[in-house]
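S.K.:
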Amino acid sequence: TLVVGGTGKVGKMVVERLSEAGRPVVALARDPDGEAARALAALPHVQVLKGDCNDLASLNAAMAGCAGVVATYGCKPNRFSQFSDLWTDPLSPEGDPKHQATVLYRGMENVLAACKTHGVKKVVRLSGLASGFKPWNPILVLFCLVLSFTPRWARRAEDAIRKSGVDYTVIRAPGLKDGAPASVTCDYLVCASDSWGENEEVPATSGIARADIADLCCLALDEPGLQKATIRVSRARRPTAGSMYMMFDTRAKQTWTELVPSVVPDREQEL
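According to this note's numbering, the residues represented by the sequence shown are 325 to 595, in order.
So, in structure tokens, the structure goes:
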């Protein structure tokens, strides 16, 4: 398994979990000599290679022999909108290489191209919850204006995955936070299939633990119930989780495995 963004906070957790499970894993890192990369390289079954989502040659070298890819990378640090964005095509040669269009969208196109070259069977992509919001959602509008249309480019990357022909799971998550997973805090995990429609949103909460998202990424690699699915996830914290509504809501359970049977694959018109 190749983890693109393997030295990021979520990516690192994914690598650690795959290593603990005894699965060979390659972590792609911009700086393989950095502290995070060296810590991962010391783990069993882990190889750290230098690479970037916009370096197709490095993706091809890292992906050789891999059956699955987990893409947790993003724009770090976030790129804020600039006046020059009004007249510059971010995908042109003159565009900013740190623009979300280049990193999120073109980077995913490169990942998918390498997947096809090496016959990769599964792609798991960590995306943002806002990428599925309605066009005039105030949060979406704010993110677009301030963060160089991040949700738009994340959505285009998702669309490219769906049209690629490769099996996939797209995970749309809210704000990611450090802290104990739901299995420790006894909170509820919440999951809604995108194919349910826009009226089936997950409850607005303060975010979800990175540890929970890492667990879901690893599960999605092999879980048949998550094939060709886009899912919106969140976490309901107490006292909300203790309400009768949440206890009997089919979208809320205490483990991801319990939620898998409720997932519906993307409809054909979405692919």
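Where a beta carbon is used, it is the ideal one built from N, C-alpha and C, also for glycine.
Could you check the C-alpha separation between residue 581 and residue 472 for me, to the nearest Å?
M.R.: Here residue 581 refers to the residue found at position 257 when the sequence shown is read from its first residue. Here residue 472 refers to the residue found at position 148 when the sequence shown is read from its first residue. Their backbone Cα atoms lie some 36 Å apart in a straight line.
S.K.: So, does the stretch 487-499 touch the stretch 549-562, judging by three or more C-beta pairs under 8 Å?
M.R.: yes
S.K.: Where does residue 463 land, buried or exposed, given buried means 16+ other C-beta within 10 angstroms?
M.R.: The residue given as residue 463 occupies position 139 in the sequence shown. Per the 10 Å Cβ criterion, exposed.
S.K.: Can you find the residues in the same chain that come closer than 7 Å, C-beta to C-beta, to residue 542, ignoring five residues on each side of it along the sequence?
M.R.: For the purposes of this step, residue 542 is taken as residue 218 along the sequence shown, with counting starting at 1. The residues are 338, 341, 342.
S.K.: Does residue 409 come out as helix, strand or coil in the three-state DSSP assignment?
M.R.: Looking up residue 409 in the sequence shown gives position 85. Looking at residue 409 - three-state DSSP - the assignment turns out to be helix.
S.K.: Considering only residues of the stretch 381-454, which uninterrupted alpha helix (DSSP H) runs meet the minimum length of 4 residues and lie entirely inside it, listed in chain order?
M.R.: Counting whole runs of 4 or more residues, the stretch 381-454 contains the alpha helix (DSSP H) stretches 431-442.
S.K.: How many whole angstroms separate the CB atoms of residue 579 and residue 500, which I take to be in contact at a CB cut-off of 8 Å?
M.R.: By one-based count along the sequence shown, residue 579 stands at place 255. By one-based count along the sequence shown, residue 500 stands at place 176. That pair is no contact at about 19 Å.
S.K.: Is the CB-CB distance between residue 588 and residue 547 below 8 Å?
M.R.: In the sequence shown, counting from the first residue as 1, residue 588 sits at position 264. In the sequence shown, counting from the first residue as 1, residue 547 sits at position 223. Cβ distance not < 8 Å, so residue 588 and residue 547 don't count as in contact.
S.K.: In this structure, does DSSP put residue 479 in helix, strand or coil?
M.R.: Taking the first residue of the sequence shown as position 1, residue 479 is located at position 155. Helix at residue 479.
S.K.: Less than 8 Å between the CB atoms is what I'm expecting for residue 325 and residue 394, so what's the real figure, rounded?
M.R.: Numbered from 1 along the sequence shown, position 1 holds the residue referred to as residue 325. Numbered from 1 along the sequence shown, position 70 holds the residue referred to as residue 394. Confirmed, Cβ separation roughly 6 Å.
S.K.: Just list the residues that DSSP pairs residue 558 with in beta bridges.
M.R.: Mapped onto the sequence shown, residue 558 falls at position 234. Partner(s): 514.
S.K.: Beta-carbon separation of residue 396 and residue 349 under 8 Å?
M.R.: Position 72 of the sequence shown, counting from 1, holds the residue named residue 396. Position 25 of the sequence shown, counting from 1, holds the residue named residue 349. Between residue 396 and residue 349, the gap from beta carbon to beta carbon reaches 8 Å or more.
S.K.: Using 8 Å for Cβ pairs, my map puts residue 373 next to residue 352. What's the rounded Cβ distance?
M.R.: Within the sequence shown, the letter at position 49 stands for residue 373. Within the sequence shown, the letter at position 28 stands for residue 352. Rounded, the Cβ-Cβ distance is 6 Å, consistent with contact.
S.K.: I'd like the list of long-range same chain contacts for residue 357, defined as Cβ closer than 8 Å, with 5 residues on each side in sequence excluded.
M.R.: Counting from one through the sequence shown, the residue named residue 357 turns up at place 33. Result list for residue 357: empty, nothing under 8 Å.
S.K.: Based on Cα-Cα distance, which residue from 507, 439, 433 lies nearest to residue 480?
M.R.: Start at 1 with the first residue of the sequence shown, and residue 480 comes out as number 156. For the set 507, 439, 433, the Cα lying nearest the Cα of residue 480 is the one of 433.
S.K.: Please list, in chain order, all residues of the same chain as residue 329 whose beta carbon is under 6 Å from its beta carbon, the five residues on each side excluded.
M.R.: Counting from 1 along the sequence shown, the entry for residue 329 is found at position 5. So the qualifying residues of the chain are 335, 396, 397.
S.K.: Assign residue 460 to one of two classes, buried (16 or more other C-beta atoms within 10 Å of its C-beta) or exposed (fewer than that).
M.R.: As a position in the sequence shown, residue 460 is number 136, starting the count at 1. It is exposed - the Cβ of residue 460 has fewer than 16 other Cβ atoms within 10 Å.
S.K.: Nearest-angstrom Cα distance between residue 445 and residue 392?
M.R.: Taking the first residue of the sequence shown as position 1, residue 445 is located at position 121. Taking the first residue of the sequence shown as position 1, residue 392 is located at position 68. Straight across, the Cα-Cα distance linking residue 445 with residue 392 is about 6 Å.
S.K.: Identify which residue in 381, 540, 386, 507 has its Cα closest to the Cα of residue 451.
M.R.: Here residue 451 refers to the residue found at position 127 when the sequence shown is read from its first residue. Looking at the Cα atoms, 540 is the closest of the given residues.
S.K.: Just confirm the distance between the C-beta atoms of residue 516 and residue 575, as a whole number of angstroms; I'd bet it's less than 8 Å.
M.R.: Counting from 1 along the sequence shown, the entry for residue 516 is found at position 192. Counting from 1 along the sequence shown, the entry for residue 575 is found at position 251. So it is a contact: roughly 5 Å between Cβ atoms.
S.K.: The alpha helix (DSSP H) that contains residue 336, what's its start and end?
M.R.: Taking the sequence shown and counting its residues from 1, one reaches residue 336 at position 12. Taken as a continuous stretch (DSSP letters only), the alpha helix (DSSP H) holding residue 336 covers 333-344.
S.K.: Just curious, the beta strand (DSSP E) that residue 491 is in, first and last residue?
M.R.: Translated into positions along the sequence shown, residue 491 becomes position 167. In the DSSP assignment, residue 491 falls within the unbroken beta strand (DSSP E) covering 491-497.
S.K.: Quick one: is residue 536 buried, meaning 16 or more other Cβ sit within 10 Å of its Cβ, or exposed?
M.R.: Mapped onto the sequence shown, residue 536 falls at position 212. With 16 or more other Cβ atoms within 10 Å, it is buried.
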